[in-house]
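2 protein chains.
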Amino acid sequence: MKPTLRAVAEAVGVSRSTVSNAYSRPDQLSTELRRRILDAAREMGYPGPDPTARSLRRGYVGAIGVLFTSRLSYAFTDPFATQFLTGVAQAAERHGSSLLLVPLPADAAGARKAVENAAVDGFCVYCGGDEEGEIVDAIRSRGLPFVTTSARPRAEDRWVGIDERAAARSVAEHLTGLGHRRVALLADRVLPDAAPGPVRVGDLADVPHPTTRERLAGFADAFAAVGVDWSQLTILSATDNSRPAGAAAVGAPDSLPEPITAVLACADVLALGALDTLREADRHLAVTGFDDIAEAAPVGLTTVRQPGVQKGRRAAELLLDPPVDTDAHQILLPTTLVVRTSAGPAPRS
Amino acid sequence: MKPTLRAVAEAVGVSRSTVSNAYSRPDQLSTELRRRILDAAREMGYPGPDPTARSLRRGYVGAIGVLFTSRLSYAFTDPFATQFLTGVAQAAERHGSSLLLVPLPADAAGARKAVENAAVDGFCVYCGGDEEGEIVDAIRSRGLPFVTTSARPRAEDRWVGIDERAAARSVAEHLTGLGHRRVALLADRVLPDAAPGPVRVGDLADVPHPTTRERLAGFADAFAAVGVDWSQLTILSATDNSRPAGAAAVGAPDSLPEPITAVLACADVLALGALDTLREADRHLAVTGFDDIAEAAPVGLTTVRQPGVQKGRRAAELLLDPPVDTDAHQILLPTTLVVRTSAGPAPRS
DNA sequence: GATCTAGTCTGAATCGATCCAGAGAGGGGA
DNA sequence: TCCCCTCTCTGGATCGATTCAGACTAGATC
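Taken in order, these protein sequences are the chains called U and G.
For the first sequence, position 273 matches number 273 in the UniProt record's numbering, and the numbering has no gaps at all.
For the second sequence, position 35 matches number 35 in the UniProt record's numbering, and the numbering has no gaps at all.
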């Protein structure tokens, strides 16, 4: 049986409050007594106030939850997620808070329960998929603060993100400028449970993942502007947001029928996967990514940069010390088109 | 004021126990009453039992702590750490546990306090530096289980790791086999607070970080075997375990005086940094790494592979459901020498 | 000498749940 | 009819601390 604060109090012959004060409010008792208490505690092997009991009484935990909508162990397959996490960690560290990474079960009810069971003071919701509604709802009903990075924030929520649609449009315009007209758009989980490869998406509204939807919409905008409409675009769905999944989606039969000259990916990892497959098949299509992760530069991937570390850092800051001014609750980060070598001009047909 | 379980009980007109059972032991009450309780709870906006209170009473938290000895935000600068974390996340996910990433202050007292304040059921201590003693001590006095990956585990502790020294020796032997005799060894924090670049290390025992020490010892073993002794080796210290730090250490004045033909790094990230600097300076030395992270293959880095994801997974498993057999508390993982192109034969002098 | 103040320390209430022994009610078997 | 068993539900103790108003002491002030 581990000794408790009470045991220490009895051993020293003081009240529990005093022992508590010895740990949490050294100015409330004489240094002499404090020393005696601490000594006795050490001797008894008392490790200091129990964190859980302390949290219960104090009403805060000292940890913020980070919620990934895909499986937690996938959180690290995309270096962009890692960048985000780095930023969150920076802010948390400065603030002295811990980071609770919560695995979310795939089903909505399970996810809800996971959110309800997390002992934290607030949440960073990263890259909200379709489940985000349920999750945010659960957080809200717990009355905890949260920050989203979702593509379409509510006005009253704290948010840090980018203009997904405009950013996507910027790469796509780069491609139209290079003469590409028949292209494939590559994204993670375009439709739920789709096999890797081409999928029919009648209407963009059918795409459940908001970020994916916005990016695809941005791509579509650029092509619409040069007279290529949605139905002429090939949509490739990957099973998850990873390099192998990108490779598999592009490698599926009929993924890239003849007239296609370029692949626009919704994430660099997917683009890198696409490049893997194309290299192997010795096909030379233009490929673009999204995020500008570290691996993008060495292979010359043309992409859109978004400041990942900063995104995480500002999100956590928004949570940990929110600005008094409510107008500052939403932070729009800049994006930049980074032109490298992976996407050259379309071959003249 | 958020409603509590008590409030729900009063609203429905049942005891608190019954409401509690409605959430945690559905078989203990009639479905009819349970439905009524849950409905009332929803209506009142009661989000379910408070996780902190529940943890206090139940005596467990449902989270495991992951301790990085360097700053938490640096935890993600080394992809190997990310691999480890992925593995831990996999096991945690399967077990339904959360992951608490705890930022450790640089000072021992602060680190101790951080450990004492973490609300978790156990710890994974990753890549223990010199501070590990203090940390493990703090964990032990809390009476919590833990797993280390340290280079020199105590027999009674749970551990998963590799034979650091033998693994390091294997790359080094590869280099001696290629004729390299005058080399530099590159490591993170060889001596506390050393500036980037060459440092004098009279005795390996002076190196505080056990993993670094073991790897350097392994390198030294191989060179000793061909008659090159410790004093003839150049030791380069990096300020932290990251690619830029590796580049800086190698780029310092006098880091690589003339006869040197190879750089043996204690981590792939450092090796990649070294390659950056060497490429820029147009010097063609042999370079080897350690870990075999994803970035190693594309640049042809010769290195030692250790199974990172598996390391994390097994560590977490050891924590979450420990084998009954105490002999199975220590798991030695295999390493493999991966020969690529970054280290060719030494030029004939 | 009475009053005030500052410095220490105490006791009881409280945070929000879970657990366990046991009370009542209703049904079945002898 | 009586006893036992099962199914529901209750009350009170408990997890391990923090908090806050107040008690007590001793020295300072007038």
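Ideal placement from N, C-alpha and C gives every residue a C-beta, glycine not left out.
Can you round the beta-carbon distance between Ser150 (chain G) and Gly161 (chain G) to whole angstroms, since I take them to be within the 8 Å contact cut?
Contact flag correct, Cβ pair sits at about 7 Å.
Any heavy atom of the ligand FAD closer than 6 Å to the Cβ of Arg140 (chain U)?
Questions concerning the ligand FAD fall outside what the structure shown contains, since it holds no ligand whatsoever.
Looking at Ala343 (chain G): is its Cβ nearer than 7 Å to the Cβ of Thr288 (chain G)?
Their beta carbons are under 7 Å apart, which means Ala343 (chain G) touches Thr288 (chain G) by this criterion.
Burial state of Gly202 (chain U) (16 or more Cβ within 10 Å)
With fewer than 16 other Cβ atoms from the protein chains shown falling within 10 Å of its own Cβ, Gly202 (chain U) counts as exposed.
Run through chain G and tell me which residues come within less than 7 Å of Ala63 (chain U), C-beta to C-beta.
Those within 7 Å of Ala63 (chain U) in chain G are Leu100.
Proximal residues of chain U, C-beta to C-beta of Glu32 (chain G) below 7 Å
Within chain U, no residue has its beta carbon less than 7 Å from that of Glu32 (chain G); the closest one is some 21 Å off.
Entirely enclosed beta strand (DSSP E) segments - the segment 160 to 225 of chain G, minimum 3 residues
Whole beta strand (DSSP E) segments, 3+ residues: 183 to 188 and 197 to 199.
What in chain G is Cβ-close to Ala315 (chain U), meaning under 7 Å?
Among the residues of chain G, none has a CB under 7 Å from the CB of Ala315 (chain U); the nearest is roughly 14 Å distant.
Beta-ladder partner(s) of Phe146 (chain U), from DSSP:
Beta-bridge pairing links Phe146 (chain U) to U:Phe123.
At which residues does the beta strand (DSSP E) containing Gly65 (chain G) begin and terminate?
Gly65 (chain G) -> beta strand (DSSP E) spans Ala63 to Phe68.
Using the rule of at least 16 other Cβ atoms within 10 Å of the residue's Cβ for burial, across every protein chain shown, is Pro298 (chain U) buried or exposed?
Looking at its Cβ environment, which holds fewer than 16 other Cβ atoms inside 10 Å, Pro298 (chain U) is exposed.
Taking the beta carbon of Tyr46 (chain G) as the centre, do at least 16 other beta carbons fall within 10 Å, making it buried, or is it exposed?
Label assigned to Tyr46 (chain G): buried.
Against chain G, with Cβ distances strictly below 7 Å, would Glu116 (chain U) count as a contact?
Cβ-Cβ to chain G under 7 Å: yes for Glu116 (chain U).
Is there a Cβ of chain G sitting closer than 7 Å to that of residue 413 (chain U), yes or no?
With chain U covering 1 to 349 only, the question about residue 413 (chain U) has no answer from this structure.
Quick one: is Ala195 (chain G) buried, meaning 16 or more other Cβ sit within 10 Å of its Cβ, or exposed?
Result: exposed.
Could you check which residue in G:Thr4, G:Gly13, G:Gly96 and G:Arg16 has the C-alpha nearest to that of Asp321 (chain G)?
The closest CA to that of Asp321 (chain G), considering only G:Thr4, G:Gly13, G:Gly96 and G:Arg16, is found on G:Gly96.
Note the first and the last residue of the continuous alpha helix (DSSP H) segment covering Ser255 (chain G).
Ser255 (chain G): not part of any alpha helix (DSSP H); DSSP gives it neither H nor E.
For the alpha helix (DSSP H) containing Thr288 (chain U), list its first residue and its last residue.
Careful: Thr288 (chain U) lies outside any alpha helix (DSSP H), inside the beta strand (DSSP E) at Ala286 to Thr288.
The alpha helix (DSSP H) with Ile293 (chain G) in it runs from where to where?
For Ile293 (chain G), there is no enclosing alpha helix (DSSP H), since its DSSP letter is neither H nor E.
So if I threshold CB-CB distances at 7 Å, which residues from the UniProt domain "HTH lacI-type" (3 to 58) of chain G count as touching chain U?
Correct list: Gly45, Pro47, Gly48, Pro51, Thr52, Ala53, Ser55 and Leu56.
If contacts are defined as beta-carbon pairs under 8 Å, then Arg243 (chain G) and Asp276 (chain G) qualify, I think. What distance do you get, rounded to the angstrom?
Taking the Cβ atoms as the reference, Arg243 (chain G) lies roughly 7 Å from Asp276 (chain G), within the contact range of under 8 Å.
My understanding is that Val207 (chain U) touches Val190 (chain U), with C-beta atoms under 8 Å, so please give their C-beta distance in whole angstroms.
Rounded, the Cβ-Cβ distance is 6 Å, consistent with contact.
Whether Leu186 (chain G) touches Ala249 (chain G) by CB criterion (7 Å):
Cβ distance < 7 Å, so Leu186 (chain G) and Ala249 (chain G) count as in contact.
Specify whether the segment 131 to 143 of chain U and the segment 322 to 340 of chain U touch according to this definition: at least 3 beta carbon pairs, one from each stretch, less than 8 Å apart.
Three or more Cβ pairs closer than 8 Å define a contact, and the segment 131 to 143 of chain U falls short of that threshold against the segment 322 to 340 of chain U.
When the cut-off is 7 Å and only beta carbons count, does Glu93 (chain U) lie next to chain G?
At least one CB atom of chain G sits nearer than 7 Å to the CB of Glu93 (chain U).
DSSP three-state call for Leu318 (chain U): helix, strand or coil?
Helix at Leu318 (chain U).
Could you tell me which chain G residues have their CB closer than 9 Å to the CB of Ala172 (chain U), listed as they occur along the chain?
Ordered by position in chain G, no residue passes the 9 Å Cβ test against Ala172 (chain U), which lies about 27 Å from the chain.
Per DSSP, which residues does Thr261 (chain G) bridge with? Please list them.
As far as DSSP is concerned, Thr261 (chain G) takes part in no beta bridge.
Inter-residue CB distance, Ala63 (chain U) and Leu85 (chain G) (contact presumed, cutoff 8 Å):
Between Leu85 (chain G) and Ala63 (chain U) the Cβ distance is about 17 Å, and since that is not below 8 Å, they are no contact.
Relative to the C-alpha of Pro3 (chain U), which candidate in U:His329, U:Arg42, U:Arg94 and U:Arg57 has its C-alpha closest?
Considering only U:His329, U:Arg42, U:Arg94 and U:Arg57, the residue with the shortest C-alpha distance to Pro3 (chain U) is U:Arg42.
Where does Tyr60 (chain U) land, buried or exposed, given buried means 16+ other C-beta within 10 angstroms?
Note on Tyr60 (chain U): under 16 other CB atoms within 10 angstroms of its CB, so exposed under the neighbour-count rule.
Using Cβ-Cβ distances below 8 Å, what residues of the segment 187 to 218 of chain U are close to chain G?
Near chain G, meaning a CB-to-CB distance below 8 Å, no residue of the segment 187 to 218 of chain U qualifies.
Within chain U, partners of Gln90 (chain G) - CB distance below 7 Å:
Chain U residues near Gln90 (chain G): Ser73.
Coil, strand or helix - residue 381 (chain U) by DSSP:
Absent from the model: residue 381 (chain U). The displayed extent of chain U is 1 to 349, so no value can be given.
Between Gly133 (chain U) and chain G, is the shortest Cβ-Cβ distance under 7 Å, so that the two count as touching?
No, because no Cβ of chain G sits closer than 7 Å to the Cβ of Gly133 (chain U).
Tell me whether Thr302 (chain G) sits in a helix, a strand or coil according to DSSP, three-state version.
DSSP places Thr302 (chain G) in strand when its eight states are reduced to three.
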